[in-house]
Amino acid sequence: MRISVSRVSTSRRRAFNALKNYFRREWEVEAVLNFDEVPPFIRRHLIQVYFSLLGASAFFALGFYTCPGRNSQILYTIFATFVSIFCFYKTAPWQEHRRVCLFLIGAFFGGASFAPWFTWFFSVDAGFVVASILGASAGFCCFLASSIWTKRFDLVYYIALLLCSPLVVVALVCASAALGGEASHWAFQLHAGLLWFMVYVAVYSQEVVLKARRGDVDYVKHAITLITDFPAVLFHVLKLLKRRTGY
163 MRISVSRVST SRRRAFNALK NYFRREWEVE AVLNFDEVPP FIRRHLIQVY FSLLGASAFF
223 ALGFYTCPGR NSQILYTIFA TFVSIFCFYK TAPWQEHRRV CLFLIGAFFG GASFAPWFTW
283 FFSVDAGFVV ASILGASAGF CCFLASSIWT KRFDLVYYIA LLLCSPLVVV ALVCASAALG
343 GEASHWAFQL HAGLLWFMVY VAVYSQEVVL KARRGDVDYV KHAITLITDF PAVLFHVLKL
403 LKRRTGY
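For the sequence shown, the tail end lands on 409 under the working numbering, and the numbers increase by one without skipping.
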């Protein structure tokens with residue numbers, strides 16, 4: 163009985179430490195606002211992160227739109243998703259091309275697996291979700307193009323955010339016209355939400371730059387954590403704003 167109680171307490175301590183480490187961020191506002199020129203390998207690392215995000219979002223939208231309607235096929239896509247995740251985490255970090263391929267395959271089957279549950283739970287049609295994802299893809303494309311063509315690093319995020327505003331609208335309009343559904347009725351709300359998400363991409367990109375300066379250049383992992391670390395980064399930004407305002 164004592165052994166089981168100690169195991170439970172150890173598991174709780176590990177879970178608490180994992181949660182604490184998840185929300186822990188070491189950067190301050192000055193680090194986010196530091197747009198000094200970066201070495202070429204960091205610029206290349208950011209380009210690889212944006213390219214991975216662009217490919218994953220496009221594959222997820224493709225899988226979501228072409229999702230099967232039969233339950234037996236949905237089970238196959240769920241199984242393929244878990245197999246892709248398992249193979250991804252079993253692949254060594256230096257095998258970057260294999261990890262990217264598994265990342266894209268997992269995004270495709272993940273979109274196909276989540277499609278029926280997502281549309282049923284949120285009562286939205288597939289065209290609405292696909293248009294939203296394609297709008298995010300347009301935003302990633304803006305960051306990718308700005309990182310490639312802009313010579314001065316301090317202008318990368320500004321140009322990317324300026325490009326996002328019209329191109330996201332174009333992507334939403336084209337996607338809603340081609341796919342139909344409810345996207346055209348919520349175009350303004352989707353546009354505003356995607357622009358705020360692109361601001362988060364810019365903030366997280368600065369965290370990626372800080373990690374790259376310390377030697378962490380696993381661009382596939384950073385592409386994944388851009389999505390999974392959203393609550394932690396948002397919490398840290400709110401904490402910094404609270405500290406700045408004195409409340």
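No residue lacks a Cβ here, since even glycine has one placed at the ideal position from N, Cα and C. Owing to the predicted nature of the structure, the values given are computational and were not obtained by experimental measurement.
- Spanning the alpha carbons of Ala333 and Val379 requires a straight line of approximately 31 Å.
- Distances from the CA of Gly268 to each of Val365, Pro278, Gly217, Ala293 were compared; the closest alpha carbon is that of Gly217.
- Nearest neighbour of Arg206 by Cα position, chosen from Tyr381, Tyr366, Leu325, turns out to be Tyr381.
- In this structure Val370 is not in contact with Leu195, their Cβ atoms being roughly 15 Å apart against a cut-off of 8 Å.
- Taking a contact to require three or more Cβ pairs closer than 8 Å, the region 302-313 and the region 347-354 do not qualify as touching.
- Taken through DSSP and simplified to helix, strand or coil, Val399 comes out as helix.
- Pairing Val211 with Phe280, the inter-Cα distance amounts to about 27 Å.
- Contact between the region 356-367 and the region 381-396 is present: 3 or more CB-CB pairs across the two stretches fall below 8 Å.
- In this chain, Leu317 is not harboured by any alpha helix (DSSP H), its DSSP state being neither H nor E.
- Between the region 235-251 and the region 307-318 there are fewer than three inter-stretch CB-CB distances shorter than 8 Å, so the stretches are not counted as touching.
- The shortest C-alpha to C-alpha distance from Leu324 to any of Ala337, Leu357, Ala349 is the one to Leu357.
- Counting the other Cβ atoms within 10 Å of the Cβ of Gly297 gives 16 or more, which makes it buried.
- Around the beta-carbon of His384, 16 or more other beta-carbon atoms lie within 10 Å, marking it buried.
- In this model, Pro328 and Thr253 are separated by some 39 Å (Cα to Cα).
- Cβ atoms of Leu306 and Phe213 come within 8 Å of each other, at about 6 Å.
- If you look at Ala288, you'll find it in the alpha helix (DSSP H) that goes 288-311.
- Annotation for Gly217: the continuous alpha helix (DSSP H) segment containing it runs 202-227.
- Shown here, Ala254 sits in coil according to DSSP, grouped into three states, outside any helix or strand.
- In the structure shown, Arg187 adopts coil according to DSSP, grouped into three states.
- Spatial neighbours of Arg260 in its own chain (CB-CB distance under 6 Å, excluding positions within 5 residues in sequence) are listed in chain order as Thr253.
- In the structure shown, Arg376 adopts coil according to DSSP, grouped into three states.
- Comparing C-alpha distances from Leu215 to each of Glu188, Phe265, Ala288, Ala293 shows the shortest one belongs to Phe265.
- Closest in alpha carbon position to Thr228, among Ala339, Val395, Ala288, is Ala288.
- In this structure, Gly272 is the residue among Trp256, Gly272, Phe221 with its C-alpha nearest to the C-alpha of Ser246.
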